[in-house]
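First comes the structure, then the notes that go with it.
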Amino acid sequence: MDNEKNLSGLSRLMFALNLSIILFYSLVCLATTLRICGSFGAYDFLSSIRQIPPSPWRMTLWALGQYLLLCAISFGKARWEIERYEIRLVICLVEILLCAGITSSLEFYYSGTALLVLADLVHYMRNSFYRICFIVVLILLFSFGRYEILYPLTGRIPFSAYLDYYNQTVRSLFAGAESLLVCLNVLLFVLFMILLFTGQKAENSRIRKLNQQLNQANDRLRDYAFELERMTEVRERNRLAREIHDTLGHTLTGIIMGSDAGLALFDAAPEEAKKRIQVVAQAARNGLNDVRRSIKALRPDALENTTLAEALETMISNFKAATSAEVFYDQQAGLLVLAQDEEDTLYRVLQESMTNAVRHGRATEIHIHITRRDNLLTIDVRDNGCGCGAEAKEGFGLRHMRERLELLGGSLTFGNRETLEEDGERGFYIVVSLPIREKEEEV
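Under numbering that gives the first Met the number 0, the sequence shown has 360 at position 361, and the numbering climbs by one with no breaks.
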């Protein structure tokens, strides 16, 4: 921010200095012409230069008018904050044309406005190609804009011809003032460029440092997420262990003890043994209800109220609406009549596959194909995302999917699509093989 303030201050100072230089050349030519006419020395002056000088008023008005327009454009574009690159390019071209017009109006006595425009455009333009082109054009304009270089070709009146009208002292003062103003303009230009490139270098360094901090924060966040997943998994295992201990453990203990008591009384007191067995049966029923409630808590809600096919279509429809990703669902396996654990696994596999495709792969299209051959169900999920780099690594989601499938005797393969497709199309694929059995009745 401080560097921008310094650049802005230097830019204003350069504009003020160039205005002073233009006024210097214009007023010297105007005053000299008026003095020559007033002293009746026009004949001697014309004889020495052998040219008819231009109107000094035309030089002053044209040079000042174009310069004020250049100032208005330069200060205005900083306030307009133009985003379209084409308009910015046109503005830069107009500034270069005005710079050439000012130099021509001053009879090529002064071309330092090229340095002013160059400093302004280098700060304003970001495209490296056009910036280089503008630098070349303005440097050429600055180098060859001086009348002394082009004098043999133009035949115009040099500024020194006006100074020759005065005595040695006045001529030296004017020449010294001219050199001082021109050198000061070059000095300010060099200082502006030094501040500009130093500030850009510092800004690039700051951006690199921020990127490093961001990468470090992402690494810490990734480690935290992994640790959170691990802690969640451990907590869920402990919860399941407590659930099993509180339901099955308690129920089975009562059944064992009641059965032992019933066996002991079977011969001595058959009626009492019968009552004990009835109590054991009721305890088993109660335990079964507790197990069912625990299983229902782990089962997706969508599968509780609808069929698997309806639940999958609803999930895909909601996913498309929430993510704006196109999901192409092709179910060629016929009627999906599966056991409850198979339904849960299939539902979770498709849910995790679509989520990974959008979250990690930034995919916009997902293709799902479900086929069946005899008792082998195959689920093929492919997307057009960015894949997972050079080497496909198994994260928590994929590992969880593999564990679910292995419990049912299934398998999971995955990888980047270019490693599988001959056409080299980018993306990621997941192929699941799941042996299915006849749906069992709920106990």
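We treat Cβ as the ideally placed atom computed from N, Cα and C, and that holds for glycine.
Would a C-beta distance cut-off of 7 Å place residue i and residue j closer than the cut-off?
| i | j | result |
| --- | --- | --- |
| Gly394 | Phe427 | no |
| Tyr108 | Phe173 | no |
| Leu374 | Ile435 | Residue identity check: residue 374 is Asn in the sequence provided, not Leu. The answer is yes: Cβ separation under 7 Å. |
| Leu96 | Met13 | no |
| Cys91 | Leu117 | no |
| Ala260 | Arg275 | yes |
| Val357 | Ala324 | yes |
| Ile101 | Ala62 | yes |
| Ile254 | Val279 | yes |
How big is the Cα-Cα spacing for residue i and residue j?
| i | j | result |
| --- | --- | --- |
| Arg403 | Thr412 | 14 Å |
| Val431 | Lys319 | 22 Å |
| Leu105 | Met58 | 6 Å |
| Ala308 | Ala283 | 34 Å |
| Asp379 | Ile369 | 6 Å |
| Thr418 | Tyr223 | Per-residue confidence for Thr418 stands at a pLDDT of 48, beneath the threshold of 50, marking its modelled position as unreliable; the derived number appears in the next sentence. Whole-angstrom Cα-Cα distance: 31 Å. |
| Gln339 | Gly360 | 31 Å |
| Gln215 | Asn355 | 23 Å |
| Gly198 | Leu6 | 9 Å |
| Asn288 | Arg219 | 44 Å |
| Glu458 | Leu16 | Absent from the structure is residue 458, since the part of the chain shown begins at 0 and ends at 442. |
| Ile443 | Leu397 | For the chain, the structure presents residues 0 to 442; residue 443 sits outside this window and is missing. |
| Val336 | Arg381 | 24 Å |
| Trp79 | Ile72 | 10 Å |
| Arg205 | Ser110 | 37 Å |
| Glu421 | Leu195 | Reliability fails at Glu421, whose pLDDT of 47 lies under 50, so the model's placement of it is uncertain and the value that follows must be treated cautiously. When rounded, the distance between both Cα atoms is 51 Å. |
| Leu9 | Arg425 | 52 Å |
| Leu264 | Gln281 | 19 Å |
| Leu213 | Arg207 | 10 Å |
| Val185 | Thr31 | 27 Å |
| Phe133 | Leu88 | 10 Å |
| Glu177 | Gln167 | 15 Å |
| Leu406 | Asp343 | 12 Å |
| Ser352 | Asn203 | 39 Å |
| Asn2 | Gln211 | 23 Å |
| Ala268 | Met230 | 54 Å |
| Ser38 | Phe23 | 22 Å |
| Leu60 | Leu18 | 13 Å |
| Ala113 | Val136 | 9 Å |
| Tyr146 | Ile193 | Unreliable placement is indicated for Tyr146, whose pLDDT of 49 sits below 50; no coordinate value is reported for it. |
| Asn304 | Asn317 | 17 Å |
| Arg234 | Gly414 | 31 Å |
| Ser258 | Glu312 | 48 Å |
| Leu433 | Ile367 | 15 Å |
| Glu441 | Gln350 | Confidence in Glu441 is poor, its pLDDT being 42 and thus under 50, which makes the residue's placement too unreliable to answer from. |
Check each candidate in the options and name the one with the smallest Cα separation from residue i.
| i | options | result |
| --- | --- | --- |
| Leu140 | Arg130, Ala99 and Leu105 | Ala99 |
| Ile365 | Thr112, Asn17, Val326 and Val357 | Val326 |
| Arg170 | Trp61, Asp343, Leu60 and Cys28 | Cys28 |
| Leu162 | Ile206, Ser10, Tyr129 and Leu26 | Leu26 |
| His399 | Arg416, Arg347 and Met353 | Arg347 |
| Lys4 | Thr168, Glu342, Phe191 and Gly175 | Phe191 |
| Arg416 | Asp343, Leu433 and Asn383 | Asn383 |
| Leu334 | Met353, Thr306, Val357 and Arg358 | Thr306 |
| Gln330 | Asn304, Asn317 and Arg372 | Arg372 |
| Thr377 | Thr363, Ala362 and Gly408 | Gly408 |
| Leu345 | Arg401, Arg34 and Phe188 | Arg401 |
| Ala160 | Arg221, Arg234 and Ile35 | Ile35 |
| Ser54 | Thr363, Lys273, Ile156 and Ala362 | Ile156 |
| Gly164 | Leu33, Thr363, Tyr123 and Glu270 | One point to set straight first is that residue 164 is Tyr, not Gly, in the sequence displayed. Nearest C-alpha to Tyr164: Leu33. |
Counting along the chain, where does the beta strand (DSSP E) carrying residue i start and finish?
| i | result |
| --- | --- |
| Arg372 | Glu364 to Arg372 |
| Ile378 | Leu375 to Asp382 |
| Thr412 | Ser410 to Asn415 |
| Leu433 | Phe427 to Pro434 |
What are the start and end residues of the alpha helix (DSSP H) that includes residue i?
| i | result |
| --- | --- |
| Asp119 | Thr112 to Tyr123 |
| Val326 | Here Val326 belongs to no alpha helix (DSSP H); instead the beta strand (DSSP E) covers Glu325 to Gln330. |
| Gly100 | Tyr84 to Ser104 |
| Asp1 | Asp1 to Gly37 |
| Ser159 | Phe158 to Leu162 |
| Asn166 | Here Asn166 belongs to no alpha helix (DSSP H), and DSSP marks it neither H nor E. |
| Ser352 | Gln339 to Arg358 |
Answer yes or no: does any C-beta atom of chain C fall closer than 7 Å to that of residue i?
| i | result |
| --- | --- |
| Leu397 | Looking for chain C here will not work: only one protein chain is present. |
- Message: Check whether the stretch 80-89 and the stretch 61-69 are in contact - that is, three or more C-beta pairs closer than 8 Å.
- Response: no
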